[in-house]
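**Student:**
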Amino acid sequence: MFKKYLYVMVLGVILVLTACSNTTAQEEEAYPKKSIDLIVSYAAGGGTDTGARILQPYLEEELGVSVNIINKPGGAGWVGWADLANAEPDGYTIGYLNSPNIITGYLDPKFNRSQNLESFQPIANHVLDPGVIAIKPNDDRFSNIKELVEYAQNNKITATTSGVGSNDHMAILKLNKFYDTNITPVHTKGAAEGSAQVLGDHVDVFVAKVGEAANLHKSGELKAVAVMTEERSPFIEEVPTMEESGYPEVTSRSARGIGAPAGLSEEKLEILSEAFKKAIENEKQVKEMEAQGLQVKHLGPEEYKTMLKEDESSVKDLSGLLGY
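At position 234 of the sequence shown (counting the first as 1) the number is 234 in the UniProt record's numbering, and the numbers step up by one without a gap.
#1: Out of 133, 90, 78, which one is the CA nearest neighbour of residue 112?
#2: Can you tell me whether DSSP reads residue 22 as helix, strand or coil?
#3: Work out the CA separation of residue 254 and residue 308 for me, nearest whole Å.
#4: Using CA coordinates, which residue listed in 82, 66, 306, 101 is at the minimum distance from residue 72?
#5: Residues bridged to residue 69 by DSSP?
#6: Around the Cβ of residue 168, are there at least 16 other Cβ atoms within 10 angstroms (buried) or fewer (exposed)?
#7: Count the other CB atoms within 10 Å of the CB of residue 101; is the residue buried (16 or more) or exposed (fewer)?
#8: Sort out for me which residues DSSP pairs residue 254 with in a bridge.
#9: Which residues mark the beginning and the end of the beta strand (DSSP E) in which residue 276 is found?
#10: Answer with buried or exposed for residue 141, where buried requires no fewer than 16 other C-beta atoms within 10 angstroms of its C-beta.
#11: Could you check the C-alpha separation between residue 52 and residue 214 for me, to the nearest Å?
#12: Under the assumption that residue 315 contacts residue 107 (Cβ atoms under 8 angstroms), give the Cβ distance between them as a whole number of angstroms.
#13: Short check: CB of residue 296 to CB of residue 127, under 8 angstroms?
#14: Should residue 220 and residue 122 be called a contact, given that it needs their Cβ atoms to be closer than 8 angstroms?
#15: Per the contact definition of three or more C-beta pairs closer than 8 angstroms, is the segment 202 to 209 in contact with the segment 157 to 164?
#16: Sort 294, 263, 44, 218 by Cα distance to residue 87 and report the nearest one.
#17: Just the Cα atoms here: how many angstroms apart are residue 192 and residue 44?
#18: Unbroken alpha helix (DSSP H) runs of length 4 or more, entirely within the segment 156 to 215: which are they?
#19: Just the C-alpha distance for residue 179 and residue 90, rounded to the nearest angstrom, thanks.
#20: What is the DSSP secondary structure of residue 259, reduced to helix, strand or coil?
#21: On the three-state DSSP scale, how would you describe residue 123?
#22: Helix, strand or coil for residue 149, going by three-state DSSP, please let me know.
#23: Evaluate residue 185 with the Cβ neighbour count: other Cβ atoms within 10 Å of its Cβ, from every protein chain shown; 16 or more gives buried, anything less gives exposed.
#24: Within this structure, are the beta carbons of residue 203 and residue 181 separated by less than 8 angstroms?
#25: Using the beta-carbon count (16 or more within 10 Å), is residue 138 buried or exposed?
#26: In whole angstroms, what separates the C-alpha of residue 37 from that of residue 94?
#27: In this structure, how does DSSP classify residue 82 when only helix, strand and coil are distinguished?
#28: According to DSSP, simplified to helix, strand and coil, what is residue 296?
#29: Buried or exposed for residue 33, please, with buried defined as at least 16 other CB atoms from any protein chain shown within 10 angstroms of its CB.
#30: If I follow the unbroken alpha helix (DSSP H) through residue 313, where does it start and stop?
#31: Under the three-state reduction of DSSP, which class applies to residue 241: helix, strand or coil?
#32: Span of the beta strand (DSSP E) holding residue 229?
#33: If we ignore side chains and look at the alpha-carbon of each, how far apart do residue 240 and residue 225 end up?
Structure follows, in structure tokens:
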């Protein structure tokens with residue numbers, strides 16, 4: 001009798017565990033079943049925000065749910081990244097990771113941040129955006145990069161950045177270190193604010209990314225004078241590189257991809273990474289991005305993680321310039 005009772009109990013436990021397992025599997029299979037929040041750690045109107053809004057409908061088509069873009073500017077991006085790192089890893093809060101900005105933000109000891117790359121699960125890279133230097137077309141002090149550098153070697157000027165430790169900031173520090181310029185960085189919440197500062201004669205030079213400056217250059221509002229990558233940008237081909245102009249030490253580019261809080265399940269990561277791959281590689285999406293001067297470069301989770309690790313090593317090599 002006892003053996004029969006024990007058998008029934010064991011069978012009951014097995015059935016309960018099986019039911020729980022099936023429920024968990026069904027929940028994973030059902031993902032996503034509600035809208036997903038996509039955090040952008042910069043203000044509306046900047047390059048990251050523009051790219052996110054172009055990608056949004058293609059991602060929604062692949063996932064079958066709404067994707068809400070949530071702008072959380074401030075703290076050189078860390079208002080949004082801290083919220084992302086602290087969110088539940090349930091797949092319903094994801095966000096853009098901007099490199100090198102995110103890396104300089106946690107390597108700088110004065111911020112005493114507990115987060116690092118391990119706080120995030122990389123999902124997909126979306127954009128590789130070269131750095132660019134632009135000026136007002138009617139500036140009578142300098143009309144090209146050579147004149148700008150020579151002027152800044154003998155006079156104090158100001159230049160925008162998208163935040164402390166951003167690739168824009170590091171480009172300015174490199175100019176000062178390697179070419180003896182006197183450029184004071186003016187940190188803003190993003191390219192929209194930065195360009196307004198220059199157009200309003202509050203700051204001398206706009207240092208940003210091609211995706212943020214291409215349309216301003218083409219419209220004649222600003223004049224791009226140098227691109228900070230080895231090759232010219234296909235979006236503003238007439239603009240020389242810093243290396244062509246005689247300043248090879250000044251390189252700068254931004255990588256923008258998507259991540260989730262660490263701890264995201266493998267099942268949800270697979271669903272998200274596949275959806276992002278299809279959305280990012282969609283030909284219509286690529287053309288829309290290119291129309292905005294944004295260079296699309298998809299990388300999957302492992303490749304993207306490797307690139308971020310390489311960026312981290314590069315920032316560590318420049319830690320002296322950043323004061324830590």
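Note that CB positions come from ideal geometry on N, CA and C, so glycine has one too.
What you are looking at is a predicted structure, and each value in this text was computed from that prediction instead of being measured.
**Tutor:** Concretely, from the data shown:
#1: Nearest option by C-alpha distance: 78.
#2: Residue placement at residue 22 is flagged as unreliable, the pLDDT there being 49, under the threshold of 50; a coordinate-derived value is accordingly withheld.
#3: 11 angstroms
#4: 82
#5: 38
#6: buried
#7: buried
#8: Partner residues in the beta bridge of residue 254, as assigned by DSSP, are 129.
#9: Note, residue 276: premise wrong, no beta strand (DSSP E); alpha helix (DSSP H) at 266 to 280.
#10: With fewer than 16 other Cβ atoms within 10 Å, it is exposed.
#11: Those two C-alpha atoms are separated by around 17 angstroms.
#12: In this structure residue 315 is in contact with residue 107, their Cβ atoms being roughly 6 angstroms apart against a cut-off of 8 angstroms.
#13: yes
#14: no
#15: Three or more beta-carbon pairs drawn from the segment 157 to 164 and the segment 202 to 209 are found closer than 8 angstroms, and the two stretches are therefore classed as touching.
#16: 263
#17: Distance between the alpha carbons of residue 192 and residue 44: 8 angstroms.
#18: 167 to 179, 191 to 199
#19: Answer to the nearest angstrom: the Cα atoms are 48 angstroms apart.
#20: strand
#21: strand
#22: helix
#23: buried
#24: no
#25: exposed
#26: 6 angstroms
#27: helix
#28: strand
#29: exposed
#30: 301 to 317
#31: strand
#32: Run containing residue 229: none; DSSP gives neither H nor E here.
#33: 7 angstroms
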